[in-house]
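The numbering used here numbers the first residue of the sequence shown as 114 and each following residue consecutively.
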Amino acid sequence: MSELTFKNSSDTGKIPTFDGNEKAKATDFANYFCSYAQLYHQKQMLADHNRMAAYHAAIMGNSNLFKDKVVMDVGTGSGILAVWAAQAGAKRVYAGACVF
114 MSELTFKNSS DTGKIPTFDG NEKAKATDFA NYFCSYAQLY HQKQMLADHN
164 RMAAYHAAIM GNSNLFKDKV VMDVGTGSGI LAVWAAQAGA KRVYAGACVF
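This is the structure in structure tokens:
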């Protein structure tokens, strides 16, 4: 395998994040986070009712933790969690994502 070849499994065939060399771990990490930059993936997450209901309940059910606070949503994606933080009473919300 050349130095320029990316490897997405460990030598034992397991998930590289848990059982891989540094190159395999870096490739796995990049593949995981790059997938979140795809609009399709964002749409799939937004359409997942159980996921969205759990996030909404967690934020709105703990609005006392958000009231008058400054919130930073790093890797905001669709921005829905940032919107809910504002609705829960956050004084200011910063939301951003870095897409390559």
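Built from N, CA and C at the ideal position, the CB exists for glycine as well.
Between the Cα of residue i and the Cα atoms of the options, which residue gives the shortest distance?
i      : options                   : result
GLY192 : LYS136, PHE142 and MET158 : MET158
Does DSSP put residue i in a helix, a strand or coil?
i      : result
MET114 : Its pLDDT being 47, under 50, MET114 is placed unreliably in this model, and the value from its coordinates should be taken loosely. Three-state DSSP puts MET114 in coil, outside helix and strand.
ASP161 : coil
THR140 : helix
ALA170 : helix
GLN151 : coil
ASN177 : helix
ALA198 : helix
Within the same chain, show all residues whose beta-carbon is closer than 6 Å to that of residue i, passing over the 5 residues directly before and after it, in chain order.
i      : result
ARG205 : VAL183
GLY188 : ALA210
ALA203 : PHE179, LYS182 and VAL184
ALA166 : none
ALA220 : The chain is shown only over 114 to 213; residue 220 falls outside these bounds and no answer can be derived.
Who are the Cβ neighbours of residue i in its own chain at under 8 Å, not counting the five residues just before and after it?
i      : result
HIS169 : TRP197
Residues bridged to residue i by DSSP?
i      : result
TYR207 : MET185
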